[in-house]
């Protein structure tokens, strides 16, 4: 290497030296500032008591243990195993009103959403959500149990397994039995319960609905008779079950 080229190289290194030093200083200071910054604390898990599910998970058995016992009112209660935590339950207690959070739970829960959409009139969904919530509060007040579990078990008790459809067979129309889906069963049960509530003497719809639900649990509801009559009709028309 010649003396001229060596001089140019040394001059270039000398010119770039302050830039490299400045860059190194900035990098070092940035690292130091990052190291001095306090760590953000990790979020603590939400305790069970502050979640939306505020009802007791241990609920009262909806079936009487001995003849003569009834569910609700002053009847006797027998304890049952814990309910599933995954079940959607309104975060309301006895004496409280239905909040926006409770309406959101109704919207997201499949069963409560179907109940509201089936029973509402003239598209007044918010009104029906409030009435269903008040009915659940009344069930909670009378039974001291999980109202969602009581409501679900009552609908299961009066939900039919089979239905009848009309089909033309040769020269006549026959009624053909066919199994019902889950939503079809719930819809039939809701319509029967709603028809039974119209014959009750309570003044408000939440009290009529809660009273009819408790009558279903105790085996005194007219919805259970409608279910039995439908199953009798299915058995009477079982000869046409293969009709297409």
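In the working numbering, the protein residues as written are 5 to 248.
Heads up, the beta-carbon is just placed ideally off N, CA and C, and yes, glycines get one too.
Here the structure is a predicted model, which is why all the values come from computation and not from measurement.
Nearest candidate by alpha-carbon position, reference residue i, set the options
i	options	result
residue 211	166, 144, 181	144
residue 221	113, 147, 199, 137	147
residue 237	169, 208, 197, 216	169
residue 167	181, 205, 159, 136	181
Length of the line joining the Cα atoms of residue i and residue j
i	j	result
residue 225	residue 175	39 angstroms
residue 171	residue 247	8 angstroms
residue 217	residue 203	14 angstroms
residue 90	residue 153	Interpretation of residue 90 is limited by its pLDDT of 34, a score under 50 that renders its predicted location unreliable; no figure is taken from the coordinates.
residue 242	residue 223	27 angstroms
residue 141	residue 219	16 angstroms
residue 239	residue 159	22 angstroms
residue 251	residue 112	Any property of residue 251 remains undetermined from this structure, which presents the chain solely from 5 to 248.
Nonlocal neighbours in the same chain, by C-beta distance under 7 angstroms from residue i, ignoring five residues either side
i	result
residue 164	184, 189, 192, 231, 234, 235
residue 156	115
residue 245	180, 181
residue 120	110, 129, 132, 133, 136
residue 198	123
residue 215	204, 206
Nearest-angstrom beta carbon gap, residue j and residue i [assumed within contact, 8 angstroms]
i	j	result
residue 194	residue 122	5 angstroms
residue 118	residue 187	6 angstroms
Spatial neighbours of residue i in its chain, beta-carbon cut-off 6 angstroms, leaving aside the 5 residues before and after
i	result
residue 213	139, 201
residue 177	170
Original post:
Fully enclosed by the region 137-214, which beta strand (DSSP E) runs are 3 residues long or longer?
Top reply: 166-173, 176-183
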